[in-house]
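Asker:
Numbering (the numbering used here), first residue to last: 3 to 141.
#1: In the structure shown, what three-state DSSP assignment does residue 57 receive?
#2: Between the C-alpha atoms of residue 133 and residue 121, what's the straight-line distance to the nearest angstrom?
#3: Taking 7 Å as the cut-off, is the CB of residue 87 close to at least one heavy atom of the ligand GTP?
#4: Can you say whether residue 25 is buried or exposed, counting buried as having 16 or more other CB atoms within 10 angstroms of its CB?
#5: Would residue 22 and residue 4 be called neighbours here (beta carbons separated by less than 8 Å)?
#6: Leaving out the 5 sequence neighbours to the left and right, which residues in its chain are closer than 6 Å to residue 7 when beta-carbon positions are compared?
#7: What residue from 43, 41, 39 and 20 has the CA that sits closest to residue 32's CA?
#8: From residue 76 to residue 86, what does the alpha carbon distance come to, in whole angstroms?
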């Protein structure tokens, strides 16, 4: 759960966005129109040189599977362990479009495609060089 709070100019209370849940990249779609009547020198000075502090508030929800394993460990230790587990799973393979993908095989395929492209460029250069050297120069 994540939300934002801010105050503008002489606001008495915080403006709070809606809470966004279940995403690591929240989009708040927040808009608020401000109007200042009358526009005094103080308002102009604030708009020109002032600032708005936007506070991002959130609450991390621990996974239920992590709660059972958390006995006697700090959050930092659990996050490091999670990171190691995710990395090792990636190195053992992953799924794309329902198919298991071996990272070593993918790496070899990419390398092969790169070598084929380089070979095509070299052949193109050879053909161009042969055309240039085989042309007769008028005297």
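Glycine included, C-beta positions come from ideal geometry on N, C-alpha and C.
All values derive from a computational prediction rather than experimental measurement.
Answerer: From the atom records:
#1: Correct three-state label for residue 57: strand.
#2: 18 Å
#3: The ligand GTP is not part of this structure, which contains no ligands at all.
#4: exposed
#5: yes
#6: These residues qualify, in order along the chain: 16, 18 and 57.
#7: 20
#8: 16 Å
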